[in-house]
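I have placed the structure first, in the form of structure tokens, so that the comments after it can refer back to it.
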Amino acid sequence: MLVKKIAFGVAAAVALGFAAFSGAASAAPAGPAKTSIVKPMTDVSAQRYVERRRVIRRAPHCTVRKIVTRGPHGHRVVRTSRVCR
């Protein structure tokens, strides 16, 4: 049963291989190439409906970071530093 399935698979692969070569050979693509690149919107009337991303900065955002260094005799020294952006 397994041999019959393998033989059928090989025969199908050979048949598909011959079918690929039987078509007309052409270096040019069959149709216009469709790309996934988004083109810029040129319709001015529709641009007013496009919502733009708004970033509101209310105040500086600060966090406390721990800076670990090595002190005398290789001991860990942990300092905290306030970092604002």
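Note that my numbering has the sequence shown beginning at 2, numbered continuously upward.
Glycine residues also receive a C-beta, built at the ideal position from the N, C-alpha and C atoms.
Do residue i and residue j have their C-beta atoms closer together than 7 Å?
| i | j | result |
| --- | --- | --- |
| Val69 | Thr81 | no |
| Arg92 | His62 | This structure gives no information on residue 92, because the portion of the chain shown stretches from 2 to 86. |
| Lys67 | Val79 | yes |
Tell me where the beta strand (DSSP E) around residue i begins and ends.
| i | result |
| --- | --- |
| Val56 | Counting along the chain, Val56 falls outside any beta strand (DSSP E), and DSSP gives it neither H nor E. |
| Arg86 | Arg86 -> no beta strand (DSSP E), and no H or E assigned at all. |
| Phe71 | Note that residue 71 corresponds to Arg in the displayed sequence, not to Phe. Per DSSP, Arg71 belongs to the beta strand (DSSP E) from 63 to 71. |
Looking only at its chain, what residues have a beta carbon closer than 6 Å to the beta carbon of residue i, apart from the 5 residues adjacent to it on each side?
| i | result |
| --- | --- |
| His74 | none |
Return the chain-ordered list of same chain residues with a C-beta closer than 8 Å to the C-beta of residue i, the five sequence neighbours on each side being excluded.
| i | result |
| --- | --- |
| Val84 | Cys63, Thr64, Val65, Arg66 |
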